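In what follows, a single structure is set out as structure tokens and then discussed.
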Amino acid sequence: MIALDGTPTVEQWRLLLGETLQWSQIMSNEEKQSYLSNVLNLDIIQTVEPTVAKPYSGGGGVTVRQDLTLIEAISNREQCKPALITSQKALQKYKREGLSKFVGESAYYGGIKGSNRFAKTRVGIVAGSPHYGDSHMEMWSALAGKSASREDDSRGMDADYGPFGNKILHGMREQEVLQAVMRFGRDGEGATVYVHTAALPNWVKRSEPIPDVKKWSSGMREIIEAIQNHTEETWVGHDIADEVSISYQQVMVNLRSLEDLGYIVSEKSGKTKIWSTKSLDSVGDFGHVQFSSFSGS
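Residue 740 is where the sequence shown starts when you use this note's numbering, and the numbers rise one by one after that.
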């Protein structure tokens, strides 16, 4: 019997089929990367620091506002509604906050096995990584007669379950994220895939520096709405402060932030600052994202 698996966890296969299973890696890491880049034509952009796993299966760690800030910015940058793959619980939380405004189709880990649903999708997002809890590593390790207790204080991409448990973790997390990435552009025409987790195999090439994501506070969102509703072309700080729930001092701090980001401008008239809009029509609902080759919401 011959079996092909592009992202195998060999230890699990041997537990199921027996220790006599012979495994050969057909492609080197360099060849696998070449396959992603030159055959599948995938452009992979990682959007978090290398230590951030974002385990989203349980739903408790989902950073909804920050994630929607990024998703909105990707939609604006790519001038389309991208498709999204994430956990089922994360998807539910996003939808409650207005995900459909920025995303076309969506799916969750576990619902995309062998799927060609996104074969012709040119822009995709993979948010968060699968993690079924410590018990998943412990169960598989117990079947193999191994111990897999997580080391104290080890978490995120540095979580340590011991030599055997870490192989199960890699199969559950990095390999599943990679499989999600490869759902997009499977027709050979390629896709740009934004990956909002660091849980990818080390050999996978990332094409851009990590973007800077700034989510709006509730006070900032009040200020933006007040400016958008202001009927005059110019205003002073007190005009906005009268319309929001935060202090005048906080209003001025936030106005300066909006100016630094290029959304509004100011000029002095005596001792008074006069404000006006510059590009507020492009401001994001959830925040501001600075990409390496793109500035905007």
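Virtual Cβ for every residue (Gly too), placed ideally from N, Cα, C.
Please read these numbers as outputs of a predicted model, since none were measured by experiment.
Just to confirm the assignment, what range does the beta strand (DSSP E) spanning residue i have?
i	result
valine 862	862–866
lysine 953	951–954
valine 1028	1026–1030
Excluding the five sequence neighbours on either side, which residues of its own chain have a C-beta within less than 7 Å of the C-beta of residue i, listed in chain order?
i	result
proline 948	Ser1031
glutamate 836	Val803, Leu807
aspartate 1020	none
glutamate 915	Tyr848, Pro869
glutamate 1043	As displayed, the chain neither begins before 740 nor continues past 1036, which places residue 1043 out of reach and without an answer.
Ignore the nearest five residues each way along the sequence and tell me which others in residue i's own chain have a CB closer than 6 Å to its CB.
i	result
lysine 859	Asp926
alanine 965	Ile979, Glu982, Val983
serine 776	none
methionine 896	Thr790, Ala792, Ala937
tryptophan 762	Val749
asparagine 780	Gly929
Among the options, which residue has its Cα nearest to the Cα of residue i?
i	options	result
glutamate 982	Gln764, Ser796, Met959	Met959
phenylalanine 1025	Val975, Ala881, Lys953	Lys953
alanine 919	Trp879, Gly850, Ala898	Gly850
glutamine 988	Leu1000, Val975, Asn905	Val975
threonine 746	Pro789, Asn768, Leu754, Leu755	Asn768
serine 814	Gln831, Glu844, Val992, Ala829	Glu844
lysine 828	Gln967, Gly797, Ala822, Lys820	Gly797
serine 996	Val1022, His977, Ser1008	Val1022
State the CB to CB distance for the pair residue i and residue j, rounded to an integer number of angstroms; the pair is presumed to be in contact (CB under 8 Å).
i	j	result
valine 862	alanine 930	6 Å
isoleucine 783	arginine 889	Not confirmed; about 28 Å, so no contact.
glutamine 751	glycine 910	7 Å
arginine 922	isoleucine 824	7 Å
Can you list, in chain order, the residues of its chain with a C-beta nearer than 8 Å to that of residue i? Leave out the 5 residues immediately preceding and following it.
i	result
lysine 771	Trp942
glutamate 961	Glu982, Val983, Ser984, Ile985
First and last residue of the alpha helix (DSSP H) that includes residue i?
i	result
alanine 812	803–817
If you count every other CB in all the chains shown that lies within 10 Å of the CB of residue i, and 16 or more means buried, which is it?
i	result
glutamine 785	buried
valine 1028	buried
valine 865	buried
serine 1018	exposed
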